[in-house]
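Enquirer: Encoded as structure tokens, here's the structure I'll be asking about.
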Amino acid sequence: MEGREEGEVSGDEYEGAEIRSGIYQNCPQPESHGTPSTSEVLKVMESIMTAQNQSFQLILNQFTKRTSEQKSTFLPEFNPDQRVDARAWLSTADVCLQDGAKEGGAEMILAISRAMKGRSAQWFAQSTYPSMTWEDFKAMFLSEYDLLDTPASAVANLFGSSPQGPSNYVAYASRMFTALSARLNKM
Numbered sequence: 008m009e010g011r012e013e014g015e016v017s018g019d020e021y022e023g024a025e026i027r028s029g030i031y032q033n034c035p036q037p038e039s040h041g042t043p044s045t046s047e048v049l050k051v052m053e054s055i056m057t058a059q060n061q062s063f064q065l066i067l068n069q070f071t072k073r074t075s076e077q078k079s080t081f082l083p084e085f086n087p088d089q090r091v092d093a094r095a096w097l098s099t100a101d102v103c104l105q106d107g108a109k110e111g112g113a114e115m116i117l118a119i120s121r122a123m124k125g126r127s128a129q130w131f132a133q134s135t136y137p138s139m140t141w142e143d144f145k146a147m148f149l150s151e152y153d154l155l156d157t158p159a160s161a162v163a164n165l166f167g168s169s170p171q172g173p174s175n176y177v178a179y180a181s182r183m184f185t186a187l188s189a190r191l192n193k194m
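Just so we're aligned, residue 8 is where the sequence shown starts under the working numbering, counting upward by one.
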């Protein structure tokens, strides 16, 4: 094995070796050297199945530990060059971001960093600081990208638009609903 001395075993190999040795230690030895009795065979099969269950439990624990360590938050992309509504994006990102990540830290910074595209990526890189929380980010983000308009002008702008390209009316209505709820939620 690479990176190990001869005779050195990893933790996974060691635990597997313990289970295998447990099978042989727990296996009852036949009382006679002839054909084993049915009860002896059943005891051996039971000890093998117990050791197999322990092996499966060990593998399952290692798998769940690895997958829980690999969880990360993904936010929708934000690119101001594509005329994305900042409040609607922020509303969606707020739902996507888990409560623990809203306290700040590397998970939040990385999730936002992956979501920022175009000139917003450069803005975010220049605006980030170590103790930034989600509330801090929201305030900075809105001051940078939110258009200051009245609720009436927001509604007028939405009703003045139409579906673009081959998009269907359901997607268009969903975008309108998201934009309206993001704009009017503080009224």
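Virtual Cβ for every residue (Gly too), placed ideally from N, Cα, C.
Per the DSSP calculation, Phe85 is bridged to which residue(s)?
Expert: Working through the sequence shown from its first residue, we reach residue 85 at position 78. BP columns for Phe85 point to Met123.
Enquirer: Can the beta-carbon of Thr80 be found less than 9 Å from the beta-carbon of Thr185?
Expert: Residue mapping note: residue 80 aligns to position 73 of the sequence shown, counting from 1. Residue mapping note: residue 185 aligns to position 178 of the sequence shown, counting from 1. No; because the gap between Cβ atoms is not below 9 Å, this pair is not in contact.
Enquirer: Taking buried to mean at least 16 other C-beta atoms within 10 Å of its own C-beta, is Phe70 buried or exposed?
Expert: The count along the sequence shown starts at 1 and reaches residue 70 at position 63. Result: exposed.
Enquirer: Report back the beta-carbon spacing between Ala272 and Glu84 to the nearest angstrom; my notes put them in contact at under 8 Å.
Expert: Past the edges of the chain, shown from 8 to 194, lies residue 272, and the structure says nothing about it.
Enquirer: Going by DSSP in three states, Thr42 sits in which element: helix, strand or coil?
Expert: As a first step, residue 42 must be located in the sequence shown, where it is residue number 35. If DSSP states are grouped into helix, strand and coil, Thr42 belongs with coil.
Enquirer: Answer yes or no: do Tyr152 and Ala93 have a C-beta to C-beta separation smaller than 9 Å?
Expert: Residue numbering aside, residue 152 sits at position 145 when the sequence shown is read from its first letter. Residue numbering aside, residue 93 sits at position 86 when the sequence shown is read from its first letter. Going by C-beta atoms, Tyr152 is nearer than 9 Å to Ala93.
Enquirer: Is it true that the CB of Met139 sits closer than 9 Å to the CB of Met115?
Expert: Translated into the one-based positions of the sequence shown, residue 115 becomes position 108. Translated into the one-based positions of the sequence shown, residue 139 becomes position 132. Cβ atoms of Met115 and Met139: closer than 9 Å.
Enquirer: If you check the beta carbons only, do Leu104 and Trp130 fall under 9 Å apart?
Expert: Residue 104 sits at position 97 when you count from the first residue of the sequence shown. Residue 130 sits at position 123 when you count from the first residue of the sequence shown. At the C-beta level, Leu104 and Trp130 stay beyond 9 Å of one another.
Enquirer: State the CB to CB distance for the pair Asn86 and Lys124, rounded to an integer number of angstroms; the pair is presumed to be in contact (CB under 8 Å).
Expert: One-based indexing of the sequence shown puts residue 86 at position 79. One-based indexing of the sequence shown puts residue 124 at position 117. Taking C-beta atoms under 8 Å as the contact rule, Asn86 and Lys124 qualify, at a distance of about 4 Å.
Enquirer: Decide if Leu82 is buried, meaning its Cβ has at least 16 other Cβ atoms within 10 Å, or exposed.
Expert: Here residue 82 refers to the residue found at position 75 when the sequence shown is read from its first residue. Counting every other CB atom within 10 Å of its CB across the protein chains shown gives Leu82 a total of 16 or more, marking it as buried.
Enquirer: For Ala178, count the other beta carbons within 10 Å of its own beta carbon; 16 or more makes it buried, fewer makes it exposed. Which is it?
Expert: In the sequence shown, the residue the question calls residue 178 occupies position 171. By the beta-carbon neighbour count (other beta carbons within 10 angstroms, threshold 16), Ala178 is exposed.
Enquirer: Let me know if Ala58 comes out buried or exposed under the rule of 16 or more other beta-carbons within 10 Å of its beta-carbon.
Expert: Taking the first residue of the sequence shown as 1, we reach residue 58 at position 51. The residue in question, Ala58, is buried, as its Cβ has 16 or more Cβ neighbours within 10 Å.
Enquirer: Residues in the same chain with beta-carbon distance under 7 Å from Arg126, minus the five sequence neighbours each way, listed in chain order, please.
Expert: Mapped onto the sequence shown, residue 126 falls at position 119. Around Arg126: Pro87, Asp88.
Enquirer: Run through DSSP, which three-state label would Gly112 get?
Expert: Sequence index remark: in the sequence shown, residue 112 carries index 105 (1-based). DSSP, reduced to helix, strand and coil, places Gly112 outside both helices and strands of the structure shown, so it counts as coil.
Enquirer: Taking C-beta to C-beta, are Ala132 and Ser150 nearer than 9 Å?
Expert: Taking the first residue of the sequence shown as position 1, residue 132 is located at position 125. Taking the first residue of the sequence shown as position 1, residue 150 is located at position 143. Contact flag unset, no.
Enquirer: Residue range of the alpha helix (DSSP H) that Thr99 falls in?
Expert: Locating residue 99 in the sequence shown gives position 92, counting from the first residue. Note, Thr99: alpha helix (DSSP H), 93 to 103.
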